[in-house]
Amino acid sequence: MSRKKKNKKRGKRSRSKSRPRSASSRPPYVRLIWPALAVACALAMFFVFRGMRQERVLSTPTSTAHAAGPAQIAAGELLYARHCASCHGPELEGQPEWKKRLPDGRFPAPPHDQTGHTSHHSDEMLFRATKYGREPTARGWAMSGMPLFGETLTDSEIWAVIEFIKSRWPPEMRERQARLNR
Ligand code: HEC
1263 MSRKKKNKKR
1273 GKRSRSKSRP
1283 RSASSRPPYV
1293 RLIWPALAVA
1303 CALAMFFVFR
1313 GMRQERVLST
1323 PTSTAHAAGP
1333 AQIAAGELLY
1343 ARHCASCHGP
1353 ELEGQPEWKK
1363 RLPDGRFPAP
1373 PHDQTGHTSH
1383 HSDEMLFRAT
1393 KYGREPTARG
1403 WAMSGMPLFG
1413 ETLTDSEIWA
1423 VIEFIKSRWP
1433 PEMRERQARL
1443 NR
């Protein structure tokens, strides 16, 4: 390589070093970082707030907020098998001697089929019991051995499980329970 060429290279480097750093000398993508971040933040906030609004709407349960169809019941059956069957029984039969208090003061899991008292409660109560536990005035639900599913299941998943449970009741029982929702 000729010396001339080498000198030329060195000259170039030193020149670029001595040039004062100004905004205009930065490559264009650097100037775009802040606007891009602002747009990303705005988008993120939009989705978070939209999610929060939807959650509020859904967490105000009404018995008309859902209409049970075969797909919802099938989804509920799978969710029941995964999250509820270990205590309430694969056939919704509950734990043996479920009316008798255990030595630790808790109750065993009651059945959700026609032999239990699940159908004595409205849809809304069943939803609330599964999501939040009993009303704060009653005996502590969290102590009873029934886990709360507010963090594990979405509202529509809880509704699906409830609709699956109801689909296993005989028609007269469903009618009686439906009257509680009015
Ligand atoms: C770790 C065991 C366990 C699991 C899992 C469990 N439960 Fe329970 N559940 C209980 C117990 C125990 C009770 C009775 C609590 C009491 O009476 O103090 C109960 C009570 C209930 C009741 C009230 C029934 C009534 O007639 O008052 C509902 C509704 C219920 N569970 C729904 C569910 C659903 C839905 C799932 C699944 C998403 C589920 N449970 C999973 C243990 C469990």
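Numbering of the sequence shown is given in my numbering, commencing with residue 1263 and proceeding in unit increments.
Every residue, glycine too, gets a C-beta built ideally from N, C-alpha and C.
Quick caveat: nothing in here was measured; it's all calculated off a predicted structure.
Can you round the beta-carbon distance between PRO1372 and HIS1379 to whole angstroms, since I take them to be within the 8 angstroms contact cut?
7 angstroms
For CYS1349, name the three-state secondary structure that DSSP assigns.
helix
Span of the alpha helix (DSSP H) holding SER1429?
1417-1429
Can you look up PHE1369 in the DSSP assignment and give me helix, strand or coil?
coil
Straight-line gap, GLN1357 to ARG1444 (C-alpha atoms, nearest Å):
31 angstroms
Which residue's Cα is closest to the Cα of ILE1335: GLU1434, ILE1427, ASP1385?
ILE1427
Quick one: is the Cβ of THR1377 within less than 6 angstroms of any heavy atom of the ligand HEC?
no
For the alpha helix (DSSP H) that contains GLU1437, what are its first and last residues?
Per DSSP, GLU1437 is one residue of the alpha helix (DSSP H) stretching across 1433-1441.
Whole angstroms are fine: how far does the CA of ARG1288 sit from the CA of GLY1273?
Low per-residue confidence applies at GLY1273: pLDDT is 44, beneath 50, and the placement is therefore not dependable, though the value from the model is reported in the following sentence. Answer to the nearest angstrom: the Cα atoms are 21 angstroms apart.
For a quick check, are the C-beta atoms of GLY1338 and ALA1422 less than 7 angstroms apart?
yes
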